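Numbering (the working numbering), first residue to last: -11 to 544.
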């Protein structure tokens, strides 16, 4: 440093002065107590909008305040399903507010009663049909100075830093002028500047209101979006729950058995269904009232249509030839009978000959009548059984052939299921049997019979549906569940309530609060592909997500 203290070396003195100023401006930031931004444990993040949460045995209510408007979400406690038809009243600071129902299933309340900072007690009255409930909750409105967005906080810190640098630069400039005028040597100038820098280093940095971090760690970014919290729990706001259609269930012990799953289809009961076919070829004519339509109820013996017979040209020629021969023979018999009657009247011949001729003539007349009838009389098609029209393959004026299926009649109160089994170990006679439709509805089945002849290495099994409904259609696919093994008792949940964590573990999401869920690792055993038996991880009374769990599992 002695080289810089030589007299009359102004260039080096100016360089040293600028070096000191540069060190002041680019040195480490100085802050008072509470502004140490070193590593610290993060503080748990939560929603940024003020919230009102109230829960009873029947309802859970979450209201979010934004721009002096409360958006109210009212759900059922048992399954988190939205309650959209209730009347909601809130008593806030002596004022009674009535919520307005919205088309999206929420409720809105415009209010200025919650503009003052502090904690406000709220009494909520809910009327839903015959149900009435009273809930009590509170909503905390923070101080305005503490409500800064990230951008506002960054701008405020930047403005404080700029002000600090300006003050420091001004002090350095004033000190330089002072010591240049009164100091007798450049050494004294350097000593004065050093003293000034030490003074500045010991001065705490100015900070605006709300930016004293104290001893707490850095706060994570807050907001109303769903997020995983540092402890692994999930913040799932009500708007997101509505969007994902999240549903929950309170668990209770159940009994069940594992099952064999068979693929089947709905078929008709052969004893309670029938086909309508024509025995002749001809043109179809509708009955009085028109042709029956699909789904029409009919009874055995009801007329469905008629078929007028039709003949090929060669057949028509044979019929005309036969009719001509019969007419000729009848004419000859008439002449013989006339002569016989004259002879009988004169007692020349016996009456027996006359009677034989008359009998022969009666037979020929009957044959001619039947032949004429076969050319013009239609065949009447009638319903063979009681039921509904399940199939119609006719139209007015249609020419039909023999053995054509024109109508199909089904008794929907008696339906069967035909299933195929590739497993010889399936024993439907030993356990309960149920059928499940693609919409998730179950029907009890009863074993009818099992084929002992394999068809493409599979045996065919027939079941009768004990209580069929109109939802079942002939030919629709259906799953047959045949119970097997021992009965298990414990926590049984739908398979859709299970999600897979990144580490491969199976997890469910346990409800802690209306907007807070915790992933719980579980061990499971499959029952039927739709349900699982939980061997560990859950207990009776826990409330878990049973619909929407895979989507919730994607929240990061």
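Here a beta-carbon is modelled for each residue, glycine too, at the ideal position from N, C-alpha and C. A quick note: this is a predicted structure, and the numbers were derived from the prediction, not measured.
- For residue 402, DSSP assigns no beta-bridge partner whatsoever.
- Per the coordinates, the alpha-carbon of residue 532 lies some 16 Å from the alpha-carbon of residue 226.
- Non-local beta-carbon contacts of residue 254 in its own chain, meaning distances under 7 Å to residues more than five positions away in sequence, involve 403, 405, 460, 461, 462, 463, 464 and 466 in chain order.
- In the structure shown, residue 67 falls within a coil segment according to DSSP collapsed to helix, strand and coil.
- Taking the CA atoms as reference points, residue 374 sits about 15 Å from residue 281.
- The bridge partners DSSP lists for residue 294 are 273 and 368.
- According to DSSP, residue 83 shares a beta bridge with 80.
- Taken through DSSP and simplified to helix, strand or coil, residue 381 comes out as coil.
- Of 215, 384, 370 and 75, the smallest CA-CA separation from residue 278 is found for 384.
- By the Cβ test, the stretch 418 to 427 is not in contact with the stretch 331 to 350, since fewer than three Cβ pairs between them sit closer than 8 Å.
- Under the three-pair Cβ rule at 8 Å, the stretch 503 to 523 counts as touching the stretch 466 to 481.
- For the pair residue 485 and residue 496, the CB atoms are nearer than the 8 Å cut-off.
- For residue 518, the secondary structure class from DSSP, reduced to helix, strand or coil, is coil.
- Distance from residue 396 to residue 371 at the Cβ level is roughly 11 Å; contact not present, criterion being Cβ atoms closer than 8 Å.
- Across the structure, residue 232 and residue 41 are spaced so that their CA atoms are roughly 20 Å apart.
- Contact between residue 250 and residue 407 holds, since their C-beta atoms are separated by about 4 Å, short of 8 Å.
- The stretch 121 to 133 makes contact with the stretch 96 to 110, as at least three CB pairs between them are under 8 Å.
- Taking every protein chain shown into account, the CB of residue 80 has 16 or more other CB atoms within 10 angstroms, so this residue is buried.
- No Cβ-Cβ contact shorter than 8 Å links residue 291 with residue 398.
- Between residue 236 and residue 39, the gap from beta carbon to beta carbon reaches 8 Å or more.
- Taking the C-beta atoms as reference points, residue 115 is found no nearer than 8 Å to residue 86.
- Residue 435 has its alpha-carbon roughly 16 Å from the corresponding atom of residue 259.
- Shown here, residue 531 sits in a strand according to DSSP, grouped into three states.
- Contact check for residue 113 against residue 77 passes: the beta carbons are separated by less than 8 Å.
- Rounded to whole angstroms, the separation of the alpha carbons of residue 314 and residue 343 is 19 Å.
- Contact annotation: residue 56 and residue 83 have beta-carbon atoms that are not nearer than 8 Å.
- Around the Cβ of residue 48, a 10 Å sphere holds 16 or more other Cβ atoms; the residue is buried.
- Comparing C-alpha distances from residue 267 to each of 327, 356 and 366 shows the shortest one belongs to 366.
- Apart from sequence neighbours up to five positions away, the residues of its chain that approach residue 274 with a beta-carbon distance below 7 Å are 293 and 384, ordered along the chain.
- Rounded to the nearest angstrom, the Cβ distance from residue 438 to residue 452 is 13 Å, too far for a contact under 8 Å.
- If you look at residue 537, you'll find it in the alpha helix (DSSP H) that goes 537 to 540.
- Within the same chain, and ignoring the five residues on either side of residue 473 in sequence, the residues whose Cβ sits closer than 8 Å to its Cβ are 245 and 246.
- Sixteen is the threshold: when 16 or more other Cβ atoms of the shown chains lie within 10 Å of the Cβ of residue 536, as they do, the residue is buried.
- Collapsing the DSSP output to three states places residue 333 in a helix.
- A direct Cα-to-Cα measurement between residue 517 and residue 108 gives close to 50 Å.
- In this structure, residue 58 lies away from residue 71, with their beta-carbon atoms at least 8 Å apart.
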